[in-house]
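Numbering (our numbering), first residue to last: 6 to 141. For every residue, glycine included, the Cβ atom is placed at its ideal position computed from N, Cα and C.
In structure tokens, the structure reads:
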């Protein structure tokens, strides 16, 4: 939560439209410099002046239902303060596609109907009991 003066200062810097967008999706107003956008359309920002330590970097997700699986590994390392330079400036992370990555984005389907389920070929040891009524 921010103070009223900080909120008013950020409204003046970013404008009413971005203020309403940030309040809808982030619940707080932030103003900073645009660093880059990744291949999924997420926008990354940084503000080293007014923010508290470890709150200086943030991401504006393209999709409204956001989850951490929408971040590239290089951007995740930058967001987590593991590396100092964003992937656009780091020569090792500058390549957009790594040899082990899947070319298209697949969301994490854990705890949903689309989750991976293994197929068992082993005969079950326990069978359900079926009641049988004998004729009288």
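- Locate the alpha helix (DSSP H) running through residue 40, then write down its first and last residues. Taken as a continuous stretch (DSSP letters only), residue 40 belongs to no alpha helix (DSSP H), being part of the beta strand (DSSP E) at 38-42.
- Best match in 59, 40, 138 for proximity to residue 86 [C-alpha to C-alpha]: 59
- Query: Can you tell me the Cα-Cα spacing of residue 71 and residue 123, whole angstroms?
  - Reply: 27 Å
- Message: Quick test of your reading: residue 64 and residue 49, contact by CB under 8 Å. State the CB separation rounded to the nearest angstrom.
- Response: 5 Å
- Can you tell which of 43, 53, 9 has the C-alpha that lies nearest to the C-alpha of residue 33? 9
- Task: Leaving out five residues on either side along the sequence, give the residues of the same chain with a beta carbon under 6 Å from the beta carbon of residue 19.
- Result: 36
- What beta strand (DSSP E) runs, 3 residues minimum, are completely inside the region 6-38? none
- Going straight from the alpha carbon of residue 73 to that of residue 27, what length do you get? 18 Å
- Out of curiosity, what's the CA-to-CA distance linking residue 17 and residue 51? 18 Å
- Message: On the DSSP letters alone, give me the boundaries of the alpha helix (DSSP H) that residue 83 sits inside.
- Response: 78-84
- Task: Check each candidate in 53, 42, 128 and name the one with the smallest Cα separation from residue 77.
- Result: 42
- Item | Cβ-Cβ separation, residue 47 to residue 66 (assumed contact under 8 Å), whole Å | 5 Å
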